[in-house]
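Residue 596 is where the sequence shown starts when you use the numbering used here, and the numbers rise one by one after that. Structure first, commentary second.
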Amino acid sequence: MTEHRSECLRTRLMSRLQAPSDWWLDETPPYSDFDLNDAMERPERTLRPAAVLIAVMDRADGPTVLMTRRSDSLASHTGQIAFPGGRLDPGETAVEAALREAWEEVGLDPQLVEILGVGDGYETGTGFAVTPVVGWLKGEPVLKPSPAEVAEVFEAPWSFLMDPANHRREYYEPEGQPRRWFWAMPYREHYIWGVTAGILRRLCDRLYEGKVA
596 MTEHRSECLR TRLMSRLQAP SDWWLDETPP YSDFDLNDAM ERPERTLRPA AVLIAVMDRA
656 DGPTVLMTRR SDSLASHTGQ IAFPGGRLDP GETAVEAALR EAWEEVGLDP QLVEILGVGD
716 GYETGTGFAV TPVVGWLKGE PVLKPSPAEV AEVFEAPWSF LMDPANHRRE YYEPEGQPRR
776 WFWAMPYREH YIWGVTAGIL RRLCDRLYEG KVA
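Okay, structure coming up:
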């Protein structure tokens, strides 16, 4: 039964995501941190291109997604839950950058990753245009997280992340500024929120049109 579900998921991902060969650097991603905040204008600026790898693993209890908790020693976004990823080097595609960053951050062998497609671009509040790259792991990875970048590697169930019932609209109130809303998907002791949750929410919409996976 799990094998059947996994094959159905692979088929769905390949049919509903953009083919990697059709990817191009989108200067204005269709989705952003500003989508939930009507009081905040989306600024006009030059965005820095980046990519993340959403690595899906076939497990006995159902597919999971590889996620990281960022190191507390980083200059920004310390301790936050993220996908492996980072900026595109000059001349890189989103797929190349996502695989390179996953290797550098957690030691994920690119040869183990079957790229299934590319999701919708997402603009972050900090000025990045992020392309989510979805890959399927063809074997059991031997991971070696970089202590300078990653404090922890864990797996979250695909069924949990793709269930809209687990998607919360939450907010914080910066001093002297309007309330800022964001998506959050708390999973056990991990608080998945912000850009990571926003990318997952959009992926869920694209794949399942708001229905439970």
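We treat Cβ as the ideally placed atom computed from N, Cα and C, and that holds for glycine. Since the model is a prediction, treat every value here as computed from it, not as a measurement.
What's the call for residue i, buried or exposed, on a 16-neighbour Cβ count within 10 Å?
| i | result |
| --- | --- |
| V737 | exposed |
| W619 | exposed |
| S671 | Per-residue confidence for S671 stands at a pLDDT of 49, beneath the threshold of 50, marking its modelled position as unreliable; the derived number appears in the next sentence. S671 should be labelled exposed. |
| V647 | buried |
| D653 | buried |
| E768 | exposed |
| A614 | exposed |
| A634 | exposed |
| T606 | exposed |
| A677 | buried |
| M596 | A caution first: M596 carries a pLDDT of 45, below 50, which makes its placement in the model unreliable, though a value can still be read off. Burial call: exposed. |
| A655 | exposed |
| T688 | buried |
| C799 | buried |
| P658 | buried |
| R637 | exposed |
| R797 | buried |
| Y766 | exposed |
Among the options, which has the Cα closest to the Cα of residue i?
| i | options | result |
| --- | --- | --- |
| R775 | I649, F723, W698 and L631 | L631 |
| P773 | L604, P625 and F629 | F629 |
| E784 | I649, F749 and R640 | F749 |
| L608 | G789, E770 and W731 | W731 |
| R664 | A743, L795, M757 and L802 | A743 |
| L795 | S741, A751 and G734 | A751 |
| E622 | E699, E718, P658 and A650 | E718 |
| M780 | L802, T641 and M662 | M662 |
| I649 | Y782, I710, Y803 and Y766 | I710 |
Just checking: is the beta-carbon of residue i within a distance shorter than 7 angstroms of some beta-carbon in chain C?
| i | result |
| --- | --- |
| E735 | Given the protein chain composition of this structure (a single chain), no chain C is represented. |
Are the Cβ atoms of residue i and residue j separated by less than 7 angstroms?
| i | j | result |
| --- | --- | --- |
| P679 | A697 | yes |
| H725 | S666 | Here the sequence assigns Val to residue 725, which means His is not the residue at that position. Their beta carbons are not under 7 angstroms apart, which means V725 does not touch S666 by this criterion. |
| D715 | P625 | yes |
| W778 | A760 | no |
| L707 | K733 | yes |
| D758 | V807 | yes |
| L612 | G712 | yes |
| L642 | G720 | no |
Could you pull the start and end residues of the alpha helix (DSSP H) that residue i belongs to?
| i | result |
| --- | --- |
| R796 | G789 to Y803 |
| E699 | A689 to V701 |
Could you spell out where the beta strand (DSSP E) holding residue i opens and where it closes?
| i | result |
| --- | --- |
| F723 | F723 to L732 |
| R775 | R775 to Y782 |
| L661 | T659 to R665 |
| F749 | V745 to P752 |
| L637 | Residue 637 is actually Arg in this sequence, not Leu. From DSSP, R637 is part of no beta strand (DSSP E); its letter is neither H nor E. |
| A645 | R643 to M652 |
| E768 | E768 -> no beta strand (DSSP E), and no H or E assigned at all. |
| G712 | V708 to V713 |
| G681 | G680 to R682 |
Throw me the rounded Cβ distance for the residue i and residue j pair, which I believe falls under 8 angstroms.
| i | j | result |
| --- | --- | --- |
| V728 | V690 | 5 angstroms |
| V660 | W753 | 6 angstroms |
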